[in-house]
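Undergrad: Before we start, here is the structure in question, set down as structure tokens.
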Amino acid sequence: MKKITVIGTGYVGLVTGACFADLGNFVTCLDINKKRIDDLHNGVMPIYEPGLDQIVERSYKAGRLKFSTDYAEALKDVEIIFIAVGTPSGENGEADLSYVEAAVQSIAEVIEGPFIIVDKSTVPVGTGDWIDGMLQNHANGKTFDFSVVSNPEFLREGSAIGDFMRPDRVVLGSKNPNAIAAIEELYAPLRCPIVKTDIRTAEMIKYASNAFLATKISFINEIANICEKVGADVIDVAKGMGLDNRIGPKFLNAGIGWGGSCFPKDVKALAHIAREYGTQPQLLEAVIKINQTQRMRIVEKLELIFDGDLNGKKIGVLGLAFKADTDDMRESPAADIIGALVKKGAVVRSYDPEAMDQARKILPDAVRLCENPYQALEDADALVLATEWNEFKQLDFKKVSKLMARKIVIDGRNIWDPEFLTGLGYRYYGVGLGKYAI
Ligand SMILES: NC(=O)c1ccc[n+]([C@@H]2O[C@H](COP(=O)([O-])OP(=O)(O)OC[C@H]3O[C@@H](n4cnc5c(N)ncnc54)[C@H](O)[C@@H]3O)[C@@H](O)[C@H]2O)c1
Numbered sequence: 091m092k093k094i095t096v097i098g099t100g101y102v103g104l105v106t107g108a109c110f111a112d113l114g115n116f117v118t119c120l121d122i123n124k125k126r127i128d129d130l131h132n133g134v135m136p137i138y139e140p141g142l143d144q145i146v147e148r149s150y151k152a153g154r155l156k157f158s159t160d161y162a163e164a165l166k167d168v169e170i171i172f173i174a175v176g177t178p179s180g181e182n183g184e185a186d187l188s189y190v191e192a193a194v195q196s197i198a199e200v201i202e203g204p205f206i207i208v209d210k211s212t213v214p215v216g217t218g219d220w221i222d223g224m225l226q227n228h229a230n231g232k233t234f235d236f237s238v239v240s241n242p243e244f245l246r247e248g249s250a251i252g253d254f255m256r257p258d259r260v261v262l263g264s265k266n267p268n269a270i271a272a273i274e275e276l277y278a279p280l281r282c283p284i285v286k287t288d289i290r291t292a293e294m295i296k297y298a299s300n301a302f303l304a305t306k307i308s309f310i311n312e313i314a315n316i317c318e319k320v321g322a323d324v325i326d327v328a329k330g331m332g333l334d335n336r337i338g339p340k341f342l343n344a345g346i347g348w349g350g351s352c353f354p355k356d357v358k359a360l361a362h363i364a365r366e367y368g369t370q371p372q373l374l375e376a377v378i379k380i381n382q383t384q385r386m387r388i389v390e391k392l393e394l395i396f397d398g399d400l401n402g403k404k405i406g407v408l409g410l411a412f413k414a415d416t417d418d419m420r421e422s423p424a425a426d427i428i429g430a431l432v433k434k435g436a437v438v439r440s441y442d443p444e445a446m447d448q449a450r451k452i453l454p455d456a457v458r459l460c461e462n463p464y465q466a467l468e469d470a471d472a473l474v475l476a477t478e479w480n481e482f483k484q485l486d487f488k489k490v491s492k493l494m495a496r497k498i499v500i501d502g503r504n505i506w507d508p509e510f511l512t513g514l515g516y517r518y519y520g521v522g523l524g525k526y527a528i
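Under my numbering, the very last position in the sequence shown is 528; numbers go up by exactly one each time.
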């Protein structure tokens, strides 16, 4: 049992804090966002993450999990401090480290005893050393007894608790073996492989992993576009490829591309680091470009269907979150698609099971958000499936037939059976399906 403070109560910080508390540790989750902390005291989760409310409630009631906005209170007698604040994209694709810097400064102002700073935020290579330097030469003149550990996080939104509790691996980077040993002890109950390395390598492992996963998706999307031209079926292509152990089946689902809070900013940040150090990130640049054009393929397809004129066309878009099982709208392909449709004069109605509140903040006012998928499809000229939520998989298409003005389906995630839908009289277009290409 250890005493831990986690700084930042977003997807990573709150999950980390709640899971370590669930494992028997005493955890304080700290955030500068007072509303978040007030909500958490009242049992209201600031994010949608399956299963999170139960483990937060369990540990909160048991007194192992606390919430605070006060650094001095949260860091009293604490030895292990996790940093899990955001690192969004800056103007040129570089990671914006201002939240990390502010967190480290706030720690330095109040910390007394020896401590280990564990960085969970995804940060450019060299950030751990920069934190080290910031603390060693701190303006307040204090000297600190501390170590820095890089412990990048690999959880996925939507399955974050399971990913945290059953990780494929934990990566720990530090120049101090004792600090690594202390953090290793925290993870011991998870019985997973632990990669121990230096800080810069740990930071690089995170960027390289995300860049590789994004590359896999952009790769299959490029193959999908070729499949549409040559009359092949990308679902079978991916199956045939994925059974090869060297390739593996995961991240080979063709669709409208990747989004979210991590892949876009992390691939851009890695490309930026490469350029900064004088190497040309040719593959990463292509991966980003393919992803940008892939989401717009949906708009191109609609233009082909409607002879280039989307003005006044009613489009029902199902799904807004960047992927299923999250309310995260950051860099969501659906938002870009809807933005482009509205610009071209289309009338958009949409529905998402969890992301409507987030969506309202960023979508054009003209977009009507509906109470259920059927309402979004009333009188629609076309249906666009943008997020692969389970509840859309069993949509009642007989009911939908009666609602839509024209039976046109663009399945941006290949979740429906084309033969079934064409059998019901729909014009069906998937991604990378030569037989159903336009
Ligand atoms: N979201 C993911 O799926 C995921 C997965 C792996 C890694 N990461 C990385 O983890 C980091 C956090 O991501 P997230 O999605 O949890 O972010 P988030 O935006 O959901 O949460 C960040 C939290 O930090 C708080 N914060 C900002 N500055 C602060 C400060 N000075 N002191 C205290 N709190 C502060 C914010 O108020 C916010 O609540 C990022 O670097 C991200 O790249 C995210």
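In this text, a Cβ means the ideal position worked out from N, Cα and C, and glycines have one as well.
Using CA coordinates, which residue listed in Thr383, Leu459, Lys358 and Gln384 is at the minimum distance from Gln372?
TA: Looking at the Cα atoms, Lys358 is the closest of the given residues.
Undergrad: Give the DSSP bridge partners of Cys352, in chain order.
TA: Answer is none; Cys352 lacks a bridge partner.
Undergrad: Write down the C-beta distance between Gly100 and Gly176 rounded to the nearest angstrom, noting that I regard them as a contact closer than 8 angstroms.
TA: Sure, about 7 angstroms apart at Cβ, within 8 angstroms.
Undergrad: To which residues does DSSP link Asp323 through a beta bridge?
TA: Per DSSP, Leu523.
Undergrad: What residue from Lys413, Glu147 and Gly141 has the CA that sits closest to His131's CA?
TA: Among Lys413, Glu147 and Gly141, the Cα nearest to that of His131 is on Glu147.
Undergrad: In its own chain, which residues sit with a C-beta less than 6 angstroms from the C-beta of Thr159, not counting the 5 before and 5 after it?
TA: Hits under 6 angstroms: Lys124 and Ile127.
Undergrad: So, helix, strand or coil for Asp218, using DSSP?
TA: The sequence shown places Gly at residue 218, rather than the Asp named in the question. It is helical.
Undergrad: Tell me, please, which residues DSSP counts as bridged to Asp501.
TA: Answer is Leu475, bridged to Asp501.
Undergrad: What is the residue span of the alpha helix (DSSP H) that Arg529 lies within?
TA: Residue coverage of the chain in this structure runs from 91 to 528, which leaves residue 529 outside it and unanswerable.
Undergrad: Kindly indicate the opening and closing residues of the beta strand (DSSP E) around Lys286.
TA: Lys286 -> beta strand (DSSP E) spans Ile284 to Thr287.
Undergrad: May I ask you to report which of helix, strand or coil DSSP gives Phe172?
TA: The answer is strand: DSSP assigns Phe172 an E or B state.
Undergrad: When we look at the beta-carbon of Val134 and count the other beta-carbons within 10 Å, is it buried (16 or more) or exposed?
TA: Per the 10 Å Cβ criterion, exposed.
Undergrad: Is Ser179 near ligand 1, judged by its Cβ being under 6 angstroms from some heavy atom?
TA: No, ligand 1 has no heavy atom inside 6 angstroms of this Cβ.
Undergrad: Could you round the C-beta distance between Ala445 and Ala411 to whole angstroms and report it? I think they count as a contact, below 8 angstroms.
TA: Ala445 to Ala411, Cβ: 4 angstroms. Contact.
Undergrad: Between Val117 and Ala344, is the Cβ-Cβ spacing less than 7 angstroms?
TA: No, these two residues do not count as a Cβ contact at 7 angstroms.
Undergrad: When DSSP builds the beta bridges, which residues end up paired with Cys119?
TA: According to DSSP, Cys119 bridges with Val96 and Phe157.
Undergrad: Can you give me the start and stop residues for the beta strand (DSSP E) that Leu262 sits inside?
TA: It spans Val260 to Gly263 - the beta strand (DSSP E) in which Leu262 sits, taken as one unbroken run.
Undergrad: For Thr291, collect the residues of the same chain with a Cβ closer than 7 angstroms to its Cβ; drop the 5 residues on either side in sequence, then sort them by chain order.
TA: Result list for Thr291: Gly263, in chain order.
Undergrad: Which ranges would you report for the beta strand (DSSP E) in the segment 227-260 if only whole runs of at least 3 residues count?
TA: Entirely contained in the segment 227-260, the beta strand (DSSP E) runs reaching 3 residues are, in chain order, 236-240.
Undergrad: Count Cβ pairs between the segment 415-431 and the segment 490-499 that sit closer than 8 angstroms; are there 3 or more?
TA: With the cut-off at 8 angstroms, the segment 415-431 and the segment 490-499 do not touch.
Undergrad: Quick check on the burial criterion: 16 or more other C-beta atoms within 10 angstroms. Buried or exposed for Lys151?
TA: Its Cβ having fewer than 16 others within 10 Å, Lys151 is exposed.
Undergrad: Just list the residues that DSSP pairs Ala292 with in beta bridges.
TA: Per DSSP, none; premise fails for Ala292.
Undergrad: For Tyr367, is the classification buried or exposed, using 16 other Cβ atoms within 10 angstroms of its Cβ as the cut-off for buried?
TA: Flag for Tyr367 reads exposed.
Undergrad: Which term fits Gln370, buried or exposed, when burial requires 16 or more other beta carbons within 10 angstroms of its beta carbon?
TA: Gln370 comes out exposed.
Undergrad: Span of the beta strand (DSSP E) holding Ser196?
TA: Run containing Ser196: none in the beta strand (DSSP E); it sits in the alpha helix (DSSP H), Ser188 to Val200.
Undergrad: For Gly368, which three-state DSSP category applies?
TA: It is coil, neither helix nor strand.
Undergrad: Name the DSSP bridge partner or partners of Tyr441?
TA: According to DSSP, which records beta bridges pairwise, Tyr441 is partnered with Leu408.
Undergrad: Assign Glu421 to buried or exposed, taking buried as 16 or more other Cβ atoms, counted over all protein chains shown, within 10 Å of its Cβ.
TA: Burial call: buried.
Undergrad: Tell me where the beta strand (DSSP E) around Asp209 begins and ends.
TA: Start and end: Phe205 to Asp209.
Undergrad: Does the beta-carbon of Cys352, which I'm using as the reference point, lie nearer than 6 angstroms to any heavy atom of ligand 1?
TA: True, at least one ligand heavy atom lies under 6 angstroms from that Cβ.
Undergrad: Do Ile66 and Ala269 have their CB atoms nearer than 7 angstroms?
TA: Nothing can be reported for residue 66, as the shown portion of the chain is limited to 91 through 528.
Undergrad: Can you determine whether any heavy atom of ligand 1 sits closer than 6 angstroms to the C-beta of Asn123, and answer yes or no?
TA: The answer is yes for Asn123.
Undergrad: Have a look at Ser299 and Gly515 and give me their C-alpha separation to the nearest angstrom.
TA: Ser299 and Gly515: Cα-Cα distance of roughly 43 angstroms.
Undergrad: Give the DSSP-derived three-state secondary structure of Tyr297 in the structure shown.
TA: Helix, per DSSP.
Undergrad: Between the Cα of Gln382 and the Cα atoms of Arg365, Gly349, Gly406 and Asn230, which residue gives the shortest distance?
TA: For the residues Arg365, Gly349, Gly406 and Asn230, the minimum Cα distance to Gln382 belongs to Gly349.
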